[in-house]
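Residue numbers for the sequence shown follow this note's numbering, so the first one is 1122 and each next one is one higher.
Working notes, structure below.
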Amino acid sequence: MKLKIQNILLASLLVFQSVSGHALKKPNSESESDSDSDIENGTEIEKIFNYDFYCIKDNKKICSYLNKKVDEATNSLSTILDISSKVNFDVFVDDISKYRIDNSKEVLALALDMNFSPLNPKNDNVENPYPNSKAIKNKLNLKENEEITDKDFILVLNNFKSDKKYLSKLQDEVTLILLEIYEGLYTLDKLPYPYNEKKIDNQFSDVNALEMANTLLNVRKDEALIGSMATSNENKYKKFSDANHIPEIIHWEDTLLGRGFENFPKLKYKYKRTIAIGDVHGDFNKFERVLRHAKLIDENDDWIGTDSILVQVGDLTDRGPDFKQIIDLLIKLRAQAKEKGGIVYMMLGNHELYDMQAGYFMLAKSDIDAFGGLAAREKAISMEGEYGKLLRTDMNVTLVVDDTLFVHGGLTYEFAVRGIDEINKHAHEILTNAPAFDDILNNYYRKGQTHPLYTDPLFDMTNGPLWSKYYINTPEEESCPELEKVLKVTKAKRMIIGHTVQEYGHINTKCNNKLILIDVALSKCLGNYFGYVEILNNKREIWTR
């Protein structure tokens, strides 16, 4: 079991995420009459992508517009991919909207195999197989029983003929086309390292808490092993970050998630803005960039957010090397905010908890070295250490700021009904009163007993609020009513969570934007993406940035 747990803890999320460009004028919903076009000029991009473009049915001249967007997308991919053989595909513009399963969700791009089934398993909102394959074959002058044999895949783009109002909301076109091609190449096993890495879900649902505690408490005494693993981690993350260039070509537009009194019922708010930032995982430079972009710090890393609240939802530590530098900056900013105006909230994530449980399997060697060694690092986060009080008594499990509930993993009703204050008080009591690791090992686990540091439901690795993926893994028809119960009992309008990496750096929402997921893999060790949420109380607006 020790090896099993170590293998699980060493598994890292190799997730690749996204963002877009806007050089061209979008199709005008008021423009002249539609016209069907046939095959346009074939395009070869640096001998990587060959495609022919067909317009099955135009809509407000969108075919010409999308042809240029495909060109931009393939050009961008060509700058980061080193593929030995050409990629050949056909592009068709069709009314995908007509074939949606859920009409509340739109689809811009759909990569299909030669059987007209989606290559991207996540793109599941269109009937399968694609219903209009006959029109595609007609454009290729193929009979109904003939197969397409000379292409790697088919890319269908939406003309939104059946959903014309969506044209006015169209955004992120290059990114969405680029990612659909990219996901198709992934399925076809045509991507080089690191883009061909399997995506690992680091949920610990099959790990027994007793066995995990025994493993952590015993292995922590082997500094040579921890040091070796930390060196391996650092090398692995550096190799990945050096090779990962997809964040350079993906750019998400700012998106308005909500506005008006329905989202902001108070007549007056003390602070104009709340900035919510997801998991940082030891990447100081990226965290610094986000803080500056949000106008919370100046070029000297001093606090300037005098009208603002900063909420960081946990997971400052692990993977990246800069935990000490990050927490030192936040301590400084918190003190400056008290003097100048504004508030800085640091919240617990499962990785802070993991540190306080002697879970050292995801540390980088530079992180350990910054403290002067593993023993010194362990002491620094103990109750008697430099950061112990902050971690164990100041950083909360959950928090309500104005109308927004914050928690790292997700708060379900069974915990919410206990009350925010009680949840935090209980967590702080366990963390501040936990004996030294040797005492826990000798006086509890070697005697067949457990300690709440590892077994309390609040810290449970499946359902606890620091670890929970309930809102991610549960269908919305079940999870959204649960969320409504939580929001009612906590007197909040929405919940913002981190913990679960959102693919391609895109901040996603569920339950009519009442659940906002902000772990965009900021750290270069995981994705190197960029994003945060800005709540503008003075304008009654919520934006992703």
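Where a beta carbon is used, it is the ideal one built from N, C-alpha and C, also for glycine.
In this text, all values refer to a predicted model and were calculated from it rather than measured experimentally.
N- and C-terminal bounds of the alpha helix (DSSP H) containing residue i
{"i": "Q1433", "result": "That residue, Q1433, is in no alpha helix (DSSP H); its beta strand (DSSP E) goes 1429 to 1433."}
{"i": "I1656", "result": "No alpha helix (DSSP H) contains I1656, which is instead part of the beta strand (DSSP E) from 1654 to 1657."}
{"i": "D1348", "result": "It is Gly, not Asp, that sits at residue 1348 in the sequence shown. Its alpha helix (DSSP H) spans residues 1344 to 1364."}
{"i": "F1558", "result": "1558 to 1564"}
{"i": "V1699", "result": "Since the first and last residues shown for the chain are 1122 and 1666, residue 1699 lies out of range."}
{"i": "T1200", "result": "1183 to 1201"}
{"i": "E1267", "result": "Unbroken run through E1267: none, as it is neither H nor E."}
{"i": "I1593", "result": "1591 to 1594"}
Residue i, buried or exposed, once every other Cβ within 10 Å from all chains shown has been counted against 16
{"i": "D1245", "result": "exposed"}
{"i": "R1567", "result": "exposed"}
{"i": "S1589", "result": "buried"}
{"i": "G1163", "result": "Annotation note: pLDDT 47 at G1163 (below 50); position unreliable, no value reported."}
{"i": "Y1175", "result": "buried"}
{"i": "S1225", "result": "exposed"}
{"i": "Y1251", "result": "buried"}
{"i": "G1531", "result": "buried"}
{"i": "V1538", "result": "exposed"}
{"i": "A1230", "result": "buried"}
{"i": "E1355", "result": "buried"}
{"i": "S1238", "result": "exposed"}
{"i": "N1563", "result": "exposed"}
{"i": "A1334", "result": "buried"}
{"i": "F1382", "result": "exposed"}
{"i": "D1559", "result": "exposed"}
{"i": "K1282", "result": "buried"}
{"i": "A1194", "result": "buried"}
{"i": "K1286", "result": "exposed"}
DSSP-derived helix/strand/coil call for residue i
{"i": "R1666", "result": "coil"}
{"i": "E1535", "result": "helix"}
{"i": "E1153", "result": "A caution first: E1153 carries a pLDDT of 39, below 50, which makes its placement in the model too unreliable to give a value."}
{"i": "K1510", "result": "helix"}
{"i": "T1571", "result": "coil"}
{"i": "R1410", "result": "helix"}
{"i": "R1661", "result": "coil"}
{"i": "R1440", "result": "coil"}
{"i": "E1599", "result": "helix"}
{"i": "P1239", "result": "strand"}
{"i": "L1261", "result": "coil"}
{"i": "T1583", "result": "coil"}
{"i": "E1318", "result": "coil"}
{"i": "I1551", "result": "helix"}
{"i": "D1404", "result": "coil"}
{"i": "E1577", "result": "According to the sequence provided, residue 1577 is Asp. The question's Glu does not apply to it. Here D1577 sits in coil by DSSP."}
{"i": "I1544", "result": "helix"}
{"i": "L1604", "result": "helix"}
{"i": "Y1390", "result": "coil"}
{"i": "I1367", "result": "helix"}
{"i": "Y1650", "result": "coil"}
{"i": "A1256", "result": "helix"}
{"i": "A1613", "result": "coil"}
{"i": "L1312", "result": "coil"}
{"i": "K1286", "result": "helix"}
{"i": "K1500", "result": "helix"}
{"i": "E1227", "result": "coil"}
{"i": "E1383", "result": "coil"}
{"i": "E1624", "result": "helix"}
First through last residue of the beta strand (DSSP E) which encompasses residue i
{"i": "C1176", "result": "1170 to 1176"}
{"i": "I1415", "result": "Note that residue 1415 is Ala in the sequence shown, not Ile. Note, A1415: premise wrong, no beta strand (DSSP E); not H, not E."}
{"i": "M1333", "result": "It is not in any beta strand (DSSP E) - M1333 instead sits in the alpha helix (DSSP H) that spans 1330 to 1340."}
{"i": "A1230", "result": "1230 to 1233"}
{"i": "G1379", "result": "1376 to 1380"}
DSSP beta-bridge partners of residue i
{"i": "V1528", "result": "T1519, I1618"}
{"i": "F1213", "result": "Y1175, V1277"}
{"i": "W1424", "result": "I1418"}
{"i": "M1468", "result": "N1517"}
{"i": "V1208", "result": "F1170"}
{"i": "T1395", "result": "I1430, I1656"}
{"i": "L1638", "result": "I1618, N1629"}
{"i": "V1247", "result": "R1221"}
beta-carbon residue i near the ligand PLP non-hydrogen atom, thresh 7 Å
{"i": "L1378", "result": "Ligands in the displayed structure: none, and consequently the ligand PLP is not present."}
Jot down the residue ranges of each uninterrupted alpha helix (DSSP H) in the segment 1442 to 1496, minimum 4 residues, whole runs only, in chain order.
-> 1444 to 1461, 1471 to 1477, 1486 to 1492
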